[in-house]
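>
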Amino acid sequence: MGMNPDAAFDAYDYLFEEIEGEDDYFSEELEVEPYINSAFRSSSTNEVYFFLQDKYMRLYYTPGQQTRTNDKILRDLDWICYDFPSLEHSSFSAYGIKCSFDTEDYKAYIFSECYCVYLDYANDKILSFSAIRRTFPVLENTVFEQNIHSAFWMM
Numbered sequence: 590m591g592m593n594p595d596a597a598f599d600a601y602d603y604l605f606e607e608i609e610g611e612d613d614y615f616s617e618e619l620e621v622e623p624y625i626n627s628a629f630r631s632s633s634t635n636e637v638y639f640f641l642q643d644k645y646m647r648l649y650y651t652p653g654q655q656t657r658t659n660d661k662i663l664r665d666l667d668w669i670c671y672d673f674p675s676l677e678h679s680s681f682s683a684y685g686i687k688c689s690f691d692t693e694d695y696k697a698y699i700f701s702e703c704y705c706v707y708l709d710y711a712n713d714k715i716l717s718f719s720a721i722r723r724t725f726p727v728l729e730n731t732v733f734e735q736n737i738h739s740a741f742w743m744m
């Protein structure tokens with residue numbers, strides 16, 4: 590039976606509803622599994638960077654292949670500064686890349702806490718570094734001037 594799309598759905602209630610006979614199941618503190626904070630394409634064809642807190646992974650992917658792929662990890666989980674030394678003495682090395690979106694010509698906006706960097710990731714060059722509200726003045730006095738958790742670029 591499918592879900593009624595018009596019905597209100599609270600994922601938290603669904604995931605943490607009491608399980609009969611297992612009252613103590615959720616009594617311990619809930620551990621949150623690691624997840625991808627951010628991603629952007631590499632300057633190489635079919636490569637992508639995935640970011641998890643202050644670490645990253647570079648992956649080769651084969652789009653469109655359903656059953657057999659040539660996907661492979663090119664760089665296993667390592668410190669962001671390994672491939673991006675320009676970020677070494679910044680909040681990005683300490684707190685990680687929380688969000689990013691590609692623009693053009695191998696450039697991306699990356700976000701960490703209340704800071705924003707416009708990065709030429711092919712050449713590891715910081716083009717600008719400032720507070721989010723200075724880079725995007727329209728976001729001043731909104732919830733986004735202090736932290737952005739997700740973004741994508743629409744063409």
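The sequence shown runs 590 to 744 under my numbering. The beta-carbon is built from N, C-alpha and C at its ideal position, and this holds for glycine as well.
CA-CA distance, C705 and I699?
Distance between the alpha carbons of C705 and I699 is about 6 Å.
> Could you pull the DSSP bridge partners for D691 from this structure?
Per DSSP, A697.
> Could you tell me the distance, in whole angstroms, from the CA atom of F725 to the CA atom of D691?
Those two C-alpha atoms are separated by around 15 Å.
> Quick one: is N626 buried, meaning 16 or more other Cβ sit within 10 Å of its Cβ, or exposed?
By the 10 Å Cβ count, N626 comes out buried.
> In angstroms with no decimal places, state the Cα-to-Cα distance between L648 and T658.
In a straight line, the C-alpha of L648 is about 12 Å away from that of T658.
> For a test of the three-state rule: what should DSSP assign to E734, helix, strand or coil?
Helix at E734.
> Would you mind sorting I662 into buried or exposed? The rule is 16 or more other CB atoms within 10 Å of its CB.
Counting Cβ neighbours within 10 Å, I662 comes out exposed, since fewer than 16 surround it.
> Let me make sure I understand the geometry here. Which of Q642, R630, D713, E693 has the alpha-carbon closest to that of S680?
Among Q642, R630, D713, E693, the Cα nearest to that of S680 is on Q642.
> What are the partner residues of A720, as DSSP defines its beta bridges?
Answer is Y704.
> Mapping DSSP to helix, strand and coil, what is I715?
The answer is strand: DSSP assigns I715 an E or B state.
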